[in-house]
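2 protein chains.
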Amino acid sequence: MNRNKLTMKQIGDLLGVSQSTVSRVINNHPNIKKEVRDRVLKFIDENEFLPDYSAQILRGEKSKILGLLTVDFKNQYYLEIVNYVEKIAREKGYSIIVMNSERSPILEKKHIIELQKRGVDGIVACPVCEENMYFIKKTGIPLVIINEILSDFDSFSTSLSKGGEIAANFLMDKGHLSIGYIGEYPSLKFTGFKNNYPSSKDEWNFYANLDSNFIEDLEIFIKNNGLKCSAYFLSSDFMALHLLKILKRLKIDYSNIEFIGFDNTLLSEALNISSIEQPMKKMIELSLNTLTKKITGTWKNENKILNIELDPTLLIRN
Amino acid sequence: MNRNKLTMKQIGDLLGVSQSTVSRVINNHPNIKKEVRDRVLKFIDENEFLPDYSAQILRGEKSKILGLLTVDFKNQYYLEIVNYVEKIAREKGYSIIVMNSERSPILEKKHIIELQKRGVDGIVACPVCEENMYFIKKTGIPLVIINEILSDFDSFSTSLSKGGEIAANFLMDKGHLSIGYIGEYPSLKFTGFKNNYPSSKDEWNFYANLDSNFIEDLEIFIKNNGLKCSAYFLSSDFMALHLLKILKRLKIDYSNIEFIGFDNTLLSEALNISSIEQPMKKMIELSLNTLTKKITGTWKNENKILNIELDPTLLIRN
DNA sequence: TTGTAAGCGTTATCAT
DNA sequence: ATGATAACGCTTACAA
Chain X
21 MNRNKLTMKQ IGDLLGVSQS TVSRVINNHP NIKKEVRDRV LKFIDENEFL PDYSAQILRG
81 EKSKILGLLT VDFKNQYYLE IVNYVEKIAR EKGYSIIVMN SERSPILEKK HIIELQKRGV
141 DGIVACPVCE ENMYFIKKTG IPLVIINEIL SDFDSFSTSL SKGGEIAANF LMDKGHLSIG
201 YIGEYPSLKF TGFKNNYPSS KDEWNFYANL DSNFIEDLEI FIKNNGLKCS AYFLSSDFMA
261 LHLLKILKRL KIDYSNIEFI GFDNTLLSEA LNISSIEQPM KKMIELSLNT LTKKITGTWK
321 NENKILNIEL DPTLLIRN
Chain H
21 MNRNKLTMKQ IGDLLGVSQS TVSRVINNHP NIKKEVRDRV LKFIDENEFL PDYSAQILRG
81 EKSKILGLLT VDFKNQYYLE IVNYVEKIAR EKGYSIIVMN SERSPILEKK HIIELQKRGV
141 DGIVACPVCE ENMYFIKKTG IPLVIINEIL SDFDSFSTSL SKGGEIAANF LMDKGHLSIG
201 YIGEYPSLKF TGFKNNYPSS KDEWNFYANL DSNFIEDLEI FIKNNGLKCS AYFLSSDFMA
261 LHLLKILKRL KIDYSNIEFI GFDNTLLSEA LNISSIEQPM KKMIELSLNT LTKKITGTWK
321 NENKILNIEL DPTLLIRN
């Protein structure tokens with residue numbers, strides 16, 4: 021280290037006191053002669069002293085770094101998570117190391133090891149692979165899961181099935197008799213939808229596999245089947261975007277069809293469709309509150325696992 | 021440190037060799053008896069040894085961390101930057117600490133100090149305040165600027181004025197006689213536009229101040245003036261979104277008006293408007309190549325400052 | 001009230 | 001070929 025950075029030893033030498041005295045002043049220890057304290061404070065005030073984190077971490081102090089483990093930066097939703105985690109962590113005094121696993125369990129494992137080597141105080145994870153979460157648990161690094169529920173870990177998520185339920189009920193209440201589902205499968209979004217809309221028919225629906233090139237598949241589906249329903253529930257705004265693009269390209273009129281997206285991103289605003297909104301900010305606030313408590317040892321639920329599901333809300337447009 | 025992590029000393033004790041021998045094996049030093057090397061390697065293979073970064077950094081080794089200093093996570097463009105920087109940095113063996121200055125010079129300065137304390141190897145900055153960049157330079161931490169040109173720093177950006185030029189020429193070539201500009205001001209986007217479209221009239225244009233609530237201001241402008249031109253150049257897709265929303269709300273027909281956005285995000289896809297695309301991936305690749313060379317000391321242009329401007333391209337829709 | 005010294009986990013220098 | 005040791009910058013127990 022030391023990119024020409026001032027150290028406590030140097031300050032001590034310059035001021036004719038010992039390095040430990042300087043440390044004590046900086047850490048506000050009692051029992052320092054006022055004259056000495058003032059002299060040291062004045063000096064560091066004028067000379068910008070930067071305590072070295074690496075030395076502190078090595079000694080066993082907290083690193084004040086959180087690892088953010090994320091799965092897919094192609095999806096704006098996860099980038100949005102970075103936004104909130106950075107902001108809220110910063111307010112709590114933490115820096116964040118951001119890592120994208122690209123849905124690869126192997127990469128996720130590598131990231132975890134990297135975070136461990138760096139001595140992060142805690143990890144916020146959108147997990148790919150549950151086994152890796154057990155691995156984190158074994159290391160003892162405080163962990164919270166977001167965006168998913170894992171029964172063995174403190175998890176914070178939005179109830180996706182509730183989202184499906186809301187969509188189904190809203191569309192049925194508006195009098196739609198045929199409502200299709202287009203989106204990821206399997207997914208709790210669909211489960212919630214189907215449970216509340218028993219008349220759902222498989223032939224109306226398109227089930228996307230997010231690991232594959234679902235956009236092409238969707239186009240083929242539309243070409244073969246057209247749109248048979250008067251309303252559709254889409255598993256994401258992103259999905260909605262691509263559906264509407266395909267319809268436009270195929271010159272299929274959809275002016276009388278109602279769509280509901282998911283995530284309430286700017287996309288649904290641009291497409292002017294209703295969308296189910298996940299309370300992301302709240303989810304991240306809750307998860308970081310828990311995480312920091314676990315880090316500082318003020319977490320009281322040691323023996324109980326938190327599985328929190330927030331309710332999404334419907335944002336109606338049009 | 022040491023969350024029950026294995027150390028070299030422990031390994032040495034367990035295997036009956038000295039800690040420094042373990043270090044040598046791990047760092048592939050020559051002159052180790054094959055038998056010893058194999059024994060140590062076998063052990064760490066079975067027991068997952070994680071060298072501690074803090075200790076290495078303290079000793080003066082590279083931290084393999086880059087700081088990413090960014091200005092505005094409300095704008096999807098900057099989140100997209102996180103995506104690419106994380107990915108490319110990872111491929112080069114670096115982790116990244118992400119920080120958002122929210123366009124505040126004070127916060128930006130704090131972030132820089134934080135990065136310095138953490139011993140980052142280099143910084144990638146979308147700067148708010150040029151003075152802070154000089155501050156980084158003084159610390160000696162390798163630095164590259166992206167998204168902007170600062171003549172005293174290695175900078176990588178897209179030529180925004182070229183973007184304005186492209187927009188102006190495209191719209192003129194299509195026969196538009198009145199072309200308005202709606203967007204941030206001052207901005208090179210506008211400069212390039214105006215220089216190539218001398219008939220531009222101030223009363224057609226709306227100049228937004230990004231620090232203020234420009235969306236409301238825009239709505240007032242539209243209410244008072246309506247749309248006088250047959251085509252508009254918007255300074256961002258985000259701006260385009262809000263303009264179109266306002267038009268919809270005010271029930272102003274814009275079906276015969278042509279729009280060009282900027283950034284070619286999913287928004288312009290959703291709005292189905294043409295957009296000027298910045299070669300972000302290339303910009304970040306170039307900047308990280310330079311940064312890592314500066315870090316490893318293989319950078320040859322020491323005495324010359326790189327001010328690279330890439331050309332944007334127009335993505336035509338409709 | 002303050003200085004001395006140990007120790008955190010490494011790497012590198014010096015011995016042997 | 002390998003062990004002992006110093007050093008990186010810090011906090012803290014122990015001495016004085």
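So the protein lines, in turn, are chains X and H. Here the working numbering is used: the first residue of the first sequence is 21, the next is one more, and so on. Here the working numbering is used: the first residue of the second sequence is 21, the next is one more, and so on. Idealized CB from N, CA, C, for every residue including glycine. All of these numbers come straight from a predicted model, not from anything done at the bench.
For residue i, tell me which candidate among the options has the shortest Cα-Cα distance.
i      : options                           : result
F176/X : T333/X, L335/X and L326/X         : L326/X
L88/H  : M119/H, T333/H and G317/H         : M119/H
D331/X : I133/X, S181/X, V42/X and I272/X  : S181/X
K265/H : E239/H, S40/H, V91/H and I296/H   : E239/H
Y252/X : L230/X, N229/X, L270/X and K209/X : K209/X
Y201/H : L230/H, S232/H, S207/H and L254/H : L254/H
S295/H : Y274/H, S256/H and L270/H         : S256/H
L263/X : N309/X, I166/X, N189/X and G203/X : G203/X
N338/X : S275/X, N215/X and L26/X          : S275/X
K157/X : E100/X, K129/X, P299/X and K53/X  : K129/X
K271/H : M259/H, A260/H, G184/H and K243/H : K243/H
Y205/H : K214/H, I31/H and K301/H          : K214/H
P147/H : D174/H, D141/H and V140/H         : D174/H
K301/X : V45/X, I328/X, R269/X and Y104/X  : Y104/X
I166/H : I31/H, R79/H, I328/H and S198/H   : I328/H
Q136/X : L335/H, S207/H, P50/H and S115/H  : S115/H
At the 7 Å Cβ level, is residue i part of the contact set with chain X, yes or no?
i      : result
R138/H : yes
A251/H : no
S121/H : no
V291/H : It is worth fixing the name first, because residue 291/H is Leu in this sequence and not Val. Chain X contact via Cβ: present.
S255/H : no
N152/H : no
Starting from residue i and walking both ways along the alpha helix (DSSP H), at which residues does that stretch end?
i      : result
T312/H : M300 to T316
E185/H : L180 to D193
I133/H : P125 to K137
G113/X : Per DSSP, G113/X belongs to no alpha helix (DSSP H) and is neither H nor E.
L61/X  : K54 to N67
Y73/X  : Y73 to R79
T211/H : L208 to N216
Could you compute how far the alpha carbon of residue i sits from the alpha carbon of residue j?
i      : j      : result
I293/X : N323/X : 44 Å
A187/H : K248/H : 18 Å
E418/X : K112/X : Nothing about residue 418/X can be reported from this structure: the residues present for chain X run from 21 to 338 only.
N245/X : I133/X : 48 Å
F241/X : F226/X : 7 Å
F63/H  : F155/X : 20 Å
L267/H : E236/H : 13 Å
L35/X  : E68/H  : 46 Å
L15/X  : D172/H : Residue 15/X cannot be examined here, being either before or after the span of chain X that is shown, 21 to 338.
V102/H : I117/H : 10 Å
R311/H : C149/H : A small correction: the amino acid at residue 311/H is Leu; Arg does not occupy that position in the sequence shown. Roughly 20 Å between the two C-alpha positions.
D72/X  : R138/H : 7 Å
I152/H : V91/H  : Per the sequence presented here, residue 152/H reads as Asn, with Ile not at that position. When rounded, the distance between both Cα atoms is 13 Å.
I77/H  : F234/X : 45 Å
D273/X : F93/X  : 32 Å
S124/H : E297/X : 29 Å
I126/X : N284/X : 31 Å
M303/H : V140/H : 21 Å
D33/X  : T27/X  : 10 Å
P299/H : D65/H  : 43 Å
I'd like to know if residue i contacts chain H, where contact means its C-beta is closer than 7 Å to some C-beta of that chain.
i      : result
F93/X  : yes
S42/X  : Ser is not the amino acid found at residue 42/X; the sequence shown has Val there. It does not; no Cβ of chain H falls within 7 Å.
E106/X : yes
S74/X  : yes
For the beta strand (DSSP E) containing residue i, list its first residue and its last residue.
i      : result
T333/H : T333 to L335
G142/X : G142 to A145
T285/H : No beta strand (DSSP E) holds T285/H; DSSP gives it neither H nor E.
I165/H : L163 to I166
N327/H : N327 to L330
Exercise. Does the stretch 210-222 of chain X come close enough to the stretch 284-291 of chain X that 3 or more CB-CB pairs lie under 8 Å?
Worked result: no
Exercise. Is it true that the stretch 102-112 of chain H meets the stretch 43-61 of chain H, where meeting means three or more beta-carbon pairs spaced less than 8 Å apart?
Worked result: no
Exercise. If we count Cβ pairs, one from each stretch, closer than 8 Å, do we get three or more for the stretch 151-170 of chain X versus the stretch 191-200 of chain X?
Worked result: no
For this session: Inspect the CB distances between the stretch 265-280 of chain H and the stretch 65-83 of chain H and report whether three or more fall short of 8 Å.
Result: no
Exercise. Does the stretch 310-317 of chain X come close enough to the stretch 34-45 of chain H to have 3 or more Cβ pairs within less than 8 Å?
Worked result: no
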